[in-house]
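K.L.:
Sharing a structure below in structure tokens format, with a few things to ask.
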Amino acid sequence: MGAYREAYQRSVDDPEGFWRDAAGGIEWVEPPSRILDDSTAPIFRWFPGAGLNTCHNALDRHIRSGRGDQTALIHDSPVTGVTRRWSYRELRDDVAVFAGALRRLGVERGDRVIVYMAMVPEAVVAMLACARLGAVHSVVFGGFGARELAARIDDAQPRLVVASSCGIEGGKVVPYQPMLEAALAESAHVVDRCVILQRPEAPAELVPGRDLSWADAVRDAEPAECVPVAATDPLYLLYTSGTTGRPKGVVRDNGGHAVALRWSMEKIFGVRPGEVFWAASDVGWVVGHSYIVYGPLLAGATTILYEGKPVGTPDAGAFWRVIEEHRVSALFTAPTAIRAIRKEDPDGELLRGRDLNCLRTLFLAGERLDPGTYEWANDLLGVPVVDNWWQTETGWPIAASPRGLEELPTRAGSPSVPMPGYRVRVVGPDGADVPAGTEGAIVIGLPLPPGCLPSLWRDDERYVRSYLSAFPGAYLTGDGGRFDEDGYLYVLGRTDDVINVAGHRLSTGAMEEVLSAHPAVAECAVIGVGDLLKGQVPRGFVVLRAGADIAPATVEAELVARVRERIGAVAALRRVDVVAALPKTRSGKILRGSMRGIADGREEPVPATIENPDALEALRQVLRTPRSG
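Just so you know, UniProt numbering puts the end of the sequence shown at 629, numbered straight through with nothing missing.
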């Protein structure tokens, strides 16, 4: 039995013993004597009765163990031309002072603090300062729309908001203060104070009596020590994107989160203390929480906070520059970032002359990894490309190839195998397991492992209704997929991406695999649109690689023929359009739901999470324009 299989089997057969051992990687104020509380099932709590402080485990413990002078954080900001470094000691000192500033402003254990900031180091400091005090942070990525920000303020009911005056998206300065003011005016909950980080690119006008600058907040503040909290106390709230009405606040507890992330950094990502880990994401998303801020610091590694884009800051070689300059051991990013690089530099010219011998692994997650992108990155970088699949709700990978346990071979189109603690099943409508090779709904047996959401913020009933009611005893992921004969999982997309064409259930993900395999295609999306005869029919959209020497009409015809050949005429894909860009969220997910709504004639609003509104408007025109001939 290999190391992976042994670990996985133990996590299933003896979950309490498995996670008791993993808890040894964390320093506790009150060590766990009890591992799992199942008395309120189907809601479970890990490490009840135990106590700790997450900030202590991320910073102070490493200083005490002799790593105080090691670099903890690198802020690399090509949009401002500034790169800065903090040692563990320097970061701890800044965090302690800001925690003291928050305490002076009335923030105490259990209070909520909204963090509405750009990709600046102060965002990391603010998150860790809240953890130091036992306060609960809720990060809303900078630039999020006023209405959605107001809804999060009303739901979290924070004592205080910490914001930056602006963000920089590529070469564009985006003032945040107008959106913050509109949100505060719209929300019913009234915050006590706002701390504003004044950036020179666009300083904000402060409201007397309510606002104060970051500089004034920390002036003469007394450094705060770590406040012990219960393992079951919330560390943060993170609201899922794309919600309507009352937002859905995912709760992350302190104990399970620290244990799971510390374990995952070593066993899944294979990162050792002192190594440089780079998650090219945003602190507003779960990847930023787990693998920019907490995971690397819990593991004693060096983390990179990157304020830039994969292309355009200044070019498609930006990632290679960061890896070489900071000697990155592992890069974690979204497939859309690699597709953007491939589109602009398909032959990898910008990699030439770079020394990337430090790079050991490329991890990709956040959306489906198409085989074409997987193979291109593998060939270009010459390192393992490890797809991994998880969700905001789980906080760490459900499926991956665990590089620190056993370097299992990866397979194109699959995030590999379930990680220890996750009893992943693929089931039919009746809840029974389906045979290998058969598609179904992906569910996870309860209890979910440590680090996953124990519930939604102040709404256990909604948590049970949304996630646990469809299949008793299991968590509904909302994704569909299949296992192969070797136990590798294939995630084919959200279950609402399965369309019904004349009674045939077809996966749009399977069609996207065919489209993305075309050598001229950089990225693609397939959606189901209403049809009077067949109920639904698929429609494809593709973005071509830079320099692709082929007429759009030729590509479109070839793609239709390929889908017919490889999936069959039943797929009924008759139209593929070449477009300049696909509409995406800031986390890189294609807005298929908005695309479907427009295609079906609904007046879809521009989502607050959108990265490129122009792409959605252009697509709106394409979807509503009948093709001549």
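Positions of the beta carbon are idealized from the N, C-alpha and C atoms, including for glycine.
If we cut at 7 Å on Cβ distances, does Glu275 have a partner in chain D?
P.N.:
Here there is only one protein chain, and chain D is not present.
K.L.:
Residues in the same chain with beta-carbon distance under 7 Å from Thr313, minus the five sequence neighbours each way, listed in chain order, please.
P.N.:
The residues are Pro78, Val79, Gly170.
K.L.:
What did DSSP end up calling Trp457 once you bin it into helix, strand or coil?
P.N.:
The answer is coil: DSSP assigns Trp457 none of H, G, I, E or B.
K.L.:
Can you tell me where the alpha helix (DSSP H) with Pro296 in it begins and where it stops?
P.N.:
In this chain, the alpha helix (DSSP H) harbouring Pro296 covers 295–298.
K.L.:
Taking its Cβ as the centre, do 16 or more other Cβ atoms sit within 10 Å of Asp379, making it buried, or is it exposed?
P.N.:
By the neighbour-count rule (16 or more Cβ atoms within 10 Å), Asp379 is not buried but exposed.
K.L.:
In whole angstroms, what separates the C-alpha of Glu275 from that of Pro296?
P.N.:
Cα to Cα, Glu275 sits roughly 9 Å from Pro296.
K.L.:
I'd like to know whether the C-beta atoms of Gly540 and Gly256 end up nearer to each other than 7 Å.
P.N.:
no
K.L.:
Hey, quick one: how far does the beta strand (DSSP E) through Phe18 stretch, first residue to last?
P.N.:
Note, Phe18: premise wrong, no beta strand (DSSP E); alpha helix (DSSP H) at 15–22.
K.L.:
Taking the straight line between their C-alpha atoms, what separation do you get for Glu16 and Val140?
P.N.:
34 Å
K.L.:
In chain order, which alpha helix (DSSP H) runs of at least 4 residues are fully inside the stretch 590–618?
P.N.:
592–599
K.L.:
In the DSSP assignment, the beta strand (DSSP E) including Phe269 goes from what residue to what residue?
P.N.:
From DSSP, Phe269 is part of no beta strand (DSSP E); its letter is neither H nor E.
K.L.:
What distance in whole Å lies between the Cβ atoms of Lys584 and Leu573, which are believed to be in contact at a cut-off of 8 Å?
P.N.:
Actually they are not in contact, since the Cβ atoms of Leu573 and Lys584 sit about 22 Å apart, beyond 8 Å.
K.L.:
Across the stretch 588–602 and the stretch 330–337, are there enough close Cβ pairs to call them in contact, namely three or more that are closer than 8 Å?
P.N.:
Inter-segment contact for the stretch 588–602 and the stretch 330–337 is present: three or more beta-carbon pairs are separated by less than 8 Å.
K.L.:
Are the beta-carbon atoms of Glu393 and Val250 separated by less than 7 Å?
P.N.:
yes
K.L.:
Please classify His518: does DSSP put it in a helix, a strand, or coil?
P.N.:
coil
K.L.:
Could you check which residue in Ala150, Arg458, Arg494 has the C-alpha nearest to that of Ser507?
P.N.:
Arg494
K.L.:
Measure the Cβ-Cβ separation of Asp304 and Asp76 and say whether it is below 7 Å.
P.N.:
Note on residue identity: the sequence assigns Ile, not Asp, to residue 304. Cβ atoms of Ile304 and Asp76: closer than 7 Å.
K.L.:
Since Arg92 is in the alpha helix (DSSP H), which residue starts that stretch and which ends it?
P.N.:
88–104
K.L.:
If you pair each beta-carbon of the stretch 45–65 with each one of the stretch 472–479, do three or more pairs fall below 8 Å?
P.N.:
no
K.L.:
Considering only the alpha carbon of each residue, which of Gly481, Val195, Pro228, Leu582 lies closest to Ala163?
P.N.:
Val195
K.L.:
Check whether the Cβ atoms of Asp192 and Arg159 sit closer than 7 Å, and answer yes or no.
P.N.:
yes
K.L.:
What residue range does the alpha helix (DSSP H) around Trp320 cover?
P.N.:
318–326
K.L.:
Kindly indicate which three-state DSSP category Ile567 falls into: helix, strand or coil?
P.N.:
coil
K.L.:
With DSSP as the reference, identify every bridge partner of Gln536, one or two as the case may be.
P.N.:
Gly530
K.L.:
Identify whether Cys358 lies in helix, strand or coil by the three-state DSSP scheme.
P.N.:
Per DSSP, reduced to three states, the secondary structure at Cys358 is coil, with no helix or strand assignment.
K.L.:
Whole alpha helix (DSSP H) runs in the stretch 393–460 with 4 or more residues, listed along the chain?
P.N.:
none
K.L.:
Pull the bridge partners of Lys584 from the DSSP assignment, please.
P.N.:
Ile590
K.L.:
List the DSSP bridge partners of Ile304.
P.N.:
Note: Ile304 sits in a beta bridge opposite Ile74.
K.L.:
From Val113 to His289, what does the alpha carbon distance come to, in whole angstroms?
P.N.:
15 Å
K.L.:
If you draw a straight line from the C-alpha of Val543 to the C-alpha of Val537, how long is it?
P.N.:
21 Å
K.L.:
Pick from Ala221, Val227, Arg219, Tyr176: whose alpha carbon is nearest that of Glu205?
P.N.:
Tyr176
K.L.:
Does the pairing of the stretch 229–243 with the stretch 265–283 give three or more beta-carbon distances under 8 Å?
P.N.:
no
K.L.:
Would you give the residue range spanned by the alpha helix (DSSP H) that Cys130 belongs to?
P.N.:
121–133
K.L.:
In three-state DSSP terms, what is Gly242?
P.N.:
Note that Gly242 has pLDDT 42, beneath the 50 cutoff, so the model's placement of it is unreliable and the number below is only indicative. Coil, per DSSP.
K.L.:
Name the DSSP beta bridge partners of Cys194, please?
P.N.:
Val161, Asp211
K.L.:
For the alpha helix (DSSP H) that contains Pro178, what are its first and last residues?
P.N.:
177–186
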